[in-house]
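Position 112 of the first sequence, counting from 1, maps to 1108 under the working numbering, and the rest follow consecutively.
Shown next, in structure tokens, is the structure this report addresses.
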Amino acid sequence: MPELPEVETVCKGLARVLPNRKIVGVRQNRHDLRIPFPADLGSIKGRKVTTIKRRAKYILVHLDDGRTLIIHLGMSGQLTVSKKKYAAEKHDHLVLTLDNGAQVVFNDPRRFGLVALAKTKDLAQHKFFTHLGPEPFDKKFTAAFLAEKFKSKKVAVKLAIMDQTLVVGVGNIYASEALFSARIDPRRAAQSLKPEALKKLVTAVRNILKTAIRAGGSSLRDYVHADGSLGDFQQHFAVYGREGQKCRGCSCNIQKTGGVKRITQGGRSTFYCLLKQE
DNA sequence: CCTTGAACCTGCGGGC
DNA sequence: TGCCCGCAGGTTCAAG
């Protein structure tokens, strides 16, 4: 479920519930996801949560002893917070109980997620983060920056913009959406984009992510993303998942174009509409 | 350094 | 009804 907007939405939900709460129970229903659970994960029991942050697609739960609980949702992870009595569901792998009785449940059918524990609050040097590019909303993420990074990249721009070492947060859905919004053919070699196109791409990435965050945020209630889906934003996808249908946001004639195209790049689906690009 | 492809894992829907 | 296939929002690793 998660690209940056979904993770951001989950973080916002957690931020309304977790800070200043003490963790009074840690239940591990298995010992690993993509990587083993920390051997000392149980030691977060008795600790109080200070703040919630996000870096790339990682959720950071800072603790009052200076350590950080790191959670990544992978492809299918969900974090829900419920005050109701916990009823175990399939694929609930980690359940934290808070001192107000609330339960934080990490459910992840495909188990591509991860849970880790860092010794510090500052994670810049942590192995998960050293290789990551800037946040898309960081002022470092500019057309000039992308030009430099794309210079040596012959890969398709769709793949390049999803490369987390260049810029973080853009996953398979928003890559298609941002490129459509910028009217850039996803098949083009990254290094072939001119400054004007790069500028449009930077703007499009920021706008798409921001809009999706707003839509996701609007669907929050008692849960941190109750259904684990994309909130309201999926109804606004212009091209993603719309093969053969009319794209949203350009005035192409579907009779003429055949609608949105789907191709495979890097083993994953890309959706695009080429009107106004040729 | 760059690129590609496979691997990790479960669930769902479509076709036969 | 069952079986097989392809597909799903991420990341890492090996090999060329």
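Each residue gets a CB set at the ideal place from its N, CA and C atoms; glycine is no exception.
These figures come from a predicted structure and were not determined experimentally.
Contact check, ILE1157 vs VAL1166, beta carbons under 9 Å: yes
Just grab the DSSP bridge partners of ARG1063 for me. None; ARG1063 has no bridge partner.
Beta-carbon gap between ARG1106 and GLY1070 smaller than 9 Å: yes
Once DSSP output is grouped into helix, strand and coil, what is the label at LEU1216? Only weak support exists for where LEU1216 lies, its pLDDT of 49 falling under 50; the value from the coordinates is given anyway. Coil at LEU1216, not helix or strand.
Identify the residues that DSSP records as bridge partners of PHE1124: which are they? DSSP, once it has assigned bridges, lists no residue as partnering PHE1124.
To the nearest angstrom, how far is it from the Cα of LEU1119 to the Cα of PRO1132? 18 Å
Are the beta-carbon atoms of GLY1021 and VAL1091 separated by less than 9 Å? yes
Sequence-distant residues of its chain with Cβ nearer than 8 Å to GLU1239 (five each side left out): GLY1255, VAL1256, LYS1257, ARG1258 and PHE1267
What three-state label does DSSP hand PRO1294 in the structure shown? The first residue shown for the chain is 997 and the last is 1274, placing residue 1294 beyond what the model contains.
Which residue comes first and which comes last in the alpha helix (DSSP H) that contains ALA1140? Annotation: the continuous alpha helix (DSSP H) that includes ALA1140 extends over 1139-1146.
Let me make sure I understand the geometry here. Which of ALA1139, ASP1159 and ALA1152 has the alpha-carbon closest to that of PRO1191? ALA1139
Buried or exposed, going by whether 16 or more other CB atoms sit within 10 Å of the CB of LYS1154? buried
Go to GLN1251, then tell me how far its beta strand (DSSP E) extends in each direction, as first and last residue. According to the DSSP assignment, GLN1251 belongs to no beta strand (DSSP E) but to the alpha helix (DSSP H) extending over 1250-1253.
Alpha carbon to alpha carbon, how far is LEU1270 from THR1116? Give it in angstroms, no decimals. 48 Å
Mind checking who ILE1048 pairs with in its DSSP beta bridge? VAL1057
Within a Cβ cutoff of 7 Å, which residues of the same chain sit near HIS1087, ignoring the five residues on either side of it in sequence? ASN1103, ASP1104 and PRO1105
PRO1001: buried (16+ other C-beta within 10 angstroms of its C-beta) or exposed? buried
Beta-carbon proximity list for SER1172, same chain, < 6 Å, skipping 5 on both sides: VAL1235, TYR1236, THR1266 and PHE1267
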